[in-house]
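In the UniProt record's numbering, the protein residues as written are 1 to 163. Don't be surprised by glycine CBs; every beta carbon is placed ideally from N, CA and C.
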Amino acid sequence: MRLVLISDTHLPVRAKRLPDPVWQAIDEADVVIHAGDWVNVALLDELEARAARLIGCWGNNDGPELRARLPEVARVTLDGLAVAVVHETGTSKGREERCERVYPGVDLLVFGHSHIPWDTTTPRGMRLLNPGSPTDRRRQPYCTFQTAAITAGRLEKVALHNL
């Protein structure tokens, strides 16, 4: 199962559209995960129409229309892997321990908000991934997104892509 992870797209404020390499990855993916801060509902509509499967949550910059259509925390099991998607997890200090407490039983937690790519594993073994932002690099050297694969309940081939 091929995954594309994006967050903090902020369309059309930070960009008019997603970059072409992101759309190409979306077209090849089995599942697209968006960890909030869509800003405009048009991207949600476009991803629902184009992605094979879309899992997403709302972020702090998402208004009532997006919040009506998306959960604050999305939870799903993908090929035996328990996945949660949330926009914000708090400060980086103590993140692993805090997320273990807040998301028991989760194997993969995808989050956003900071625009800073993140890839760590908690002491219990939960993987924490933040794909950064494909449209607003903030203080990072590149705009980014992530891809990964799930095979028989195992997360594999996690890759960060610079744009």
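Exposure of A51, with buried meaning 16 or more beta-carbon neighbours within 10 Å: buried
Keeping to the same chain, check which residues put their C-beta closer than 6 Å to that of D30; ignore five residues upstream and five downstream. So the list reads M1, R2 and A52, once near-sequence residues are dropped.
Measure the CB-CB distance between L108 and R95 and report whether it falls below 8 Å. no
Is the region 60-75 touching the region 31-38 in the sense that three or more CB pairs, one from each, lie closer than 8 Å? yes
State the Cα-Cα distance for the pair A152 and L78, rounded to the nearest angstrom. 9 Å
Reducing DSSP to helix, strand and coil, say where A29 ends up. coil
So which of L160, P141, A82 and D136 has the shortest CA-CA distance to V13? D136
Proximity of T122 and E88 at Cβ, strictly below 8 Å: no
Is Q146 helix, strand or coil when you go by DSSP? strand
What's the C-alpha gap between V73 and L129? 15 Å
What are the complete beta strand (DSSP E) segments, minimum 3 residues, inside the UniProt domain "Calcineurin-like phosphoesterase" (1-147)? 2-6, 31-34, 54-56, 73-78, 81-86, 108-110, 118-121 and 127-130
With a threshold of 7 Å, establish whether the CB of L128 neighbours any heavy atom of the ligand GTP. For the ligand GTP, the structure offers nothing, since it holds no ligand at all.
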